[in-house]
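Residues in the sequence shown are numbered consecutively from -3, following the numbering used here. Glycine included, each C-beta is placed from N, C-alpha and C at the ideal position.
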Amino acid sequence: ELPNLKWLISNGSIVAIDVLRVTDTKAGWAQILTGYEPEKTGVYSNSKYQPIPEGFTIFERLEEHFGRDNIVTVAVISKKNNLGTEGPKKIPLKKVKSQINVKKLRKENIIVENGIRYIVDKGEPYYYTKNNVDVFINGLGSDENVGNKALQLLRKYKDRRFFFFIHFGEVDAKGHKFGENSKEYTEALISADFWLGKIIEELKSLGLYDNTLIYITADHGFDEGLTSHNDAPYVFLATNDKGIIRRGTRVDIAPTILKRFGLDLNKIDPPLDGHPLTEPYSPPLW
């Protein structure tokens, strides 16, 4: 039922991505798009996060390496909140009491000014990133909106070196609403595959496919038969990159991409936590 994913794999490979940390969106994409663990990005989960330090993402590494005029970086994103760009803010606690469990709030997230208690939000993960990406669009919603915008921008930048991050969110939305293995969840997977096919088709029609590497992955899986992903560490990386030789973790994806663009990973500061999937690597035993 996923012919385009199957075709891509037949022209490349598929490997397991082992999720060793929290299986949610903020933590997942922060690791995937930076190559760093939460201790360096400050993005631990959907509820514990801060803006990713400026310069840490794939987009920014590529802009720095090639120069702003020599590459186009694009993010076309379904979701808004968990891939958000809002800056620091404080909210009177009484305004949100009905929406949250106050007892679960960390003490450092609450301040008191003039007798009023506030929740302090340090800002969303891509607050700094958005200003260093040529096109950063989030909150597009449906796969159709995301897919059409991605195709439009591929045509616009067909004559430029580019890096695109294209995020389809319907699989996650349907999983939360109807559950993993539901008819609706399966239909969302088929929808994502349809748009993968449209993107491949567009790259071919523009004469770009043979010089473009495609990496398909996810931030997390779903708890079997449920509408949650509290313990859903089973993810994959499917690609037309024939050089992928091993399984890895979410932080290995960014180094793989940066290496393919020709960056010297040894010069990146702070050192990446991940390692390219094109090279052998055995994690330390302790």
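Helix, strand or coil for K76, going by three-state DSSP, please let me know. coil
Based on DSSP bridge pairs, tell me the residues matched to G244. I13
Segment contact, 8 Å Cβ cut-off, at least three pairs: the region 44 to 60 with the region 13 to 33: yes
Endpoints, beta strand (DSSP E) assigned at T235: 230 to 235
Which class does G193 belong to by DSSP, given the choice of helix, strand or coil? helix
Cβ pair count under 8 Å reaching 3, the region 102 to 120 against the region 138 to 152: no
Determine the direct distance from the alpha carbon of L192 to that of A234, and round the result to whole angstroms. 12 Å
Could I get the ranges of all uninterrupted alpha helix (DSSP H) runs contained in the region 94 to 177, with 4 residues as the minimum, in chain order? 139 to 152, 166 to 174
T69 - DSSP class collapsed to helix/strand/coil: strand
Mapping DSSP to helix, strand and coil, what is P292? In the structure as shown, the chain begins at -3 and stops at 282. Residue 292 is therefore absent and cannot be evaluated.
Start and end of the alpha helix (DSSP H) containing K294? No answer is possible for residue 294: the residues shown for the chain start at -3 and end at 282.
In the DSSP output, which residue or residues are listed as bridge partners for I264? Paired residues: none, contrary to the question.
CB of F232 within 9 Å of CB of I13, strictly: yes
Between the Cα of K126 and the Cα atoms of E59, L204, A250, K263, which residue gives the shortest distance? E59
Considering only their Cβ atoms, is the gap separating I73 from G165 smaller than 9 Å? yes
Thinking just about the alpha-carbon of each residue, which of D206, H172, A250 is nearest to the one in P267? A250
Exposed or buried, what is R57 when buried is set at 16 or more other beta-carbons lying within 10 Å of its beta-carbon? buried
Report the residue from K2, G137, F161, R156 whose alpha carbon sits nearest the alpha carbon of N77. G137
Use the C-beta contact count for K99: other C-beta atoms within 10 angstroms, 16 or more gives buried, fewer gives exposed. Confidence is the limiting factor: at K99 the pLDDT is only 48, short of 50, which leaves the residue's position unreliable, though a coordinate-based value still follows. Looking at its Cβ environment, which holds fewer than 16 other Cβ atoms inside 10 Å, K99 is exposed.
Compare the beta carbon distance of D130 and R64 with 9 Å and say whether it is the shorter of the two. yes
How many Å lie between E198 and D260 at the Cα? 31 Å
Which residue or residues does DSSP assign as beta-bridge partners of K85? D117
For Y153, which residues from the same chain have a beta carbon less than 6 Å from its beta carbon, with the 5 sequence-adjacent residues on both sides left out? V68
Reduced DSSP category for Y211 - H, G, I as helix; E, B as strand; rest coil: strand
Residue burial classification, G83 (beta-carbon count within 10 angstroms, cutoff 16): exposed
Quick one: Cα of I186 to Cα of E35, how far? 36 Å
Which residue comes first and which comes last in the alpha helix (DSSP H) that contains Q46? Looking at the DSSP string, Q46 is not in any alpha helix (DSSP H), and its letter there is neither H nor E.
Quick one: Cα of G194 to Cα of E109, how far? In the sequence as displayed, the identity of residue 194 is Lys instead of Gly. Computed Cα separation, rounded: 53 Å.
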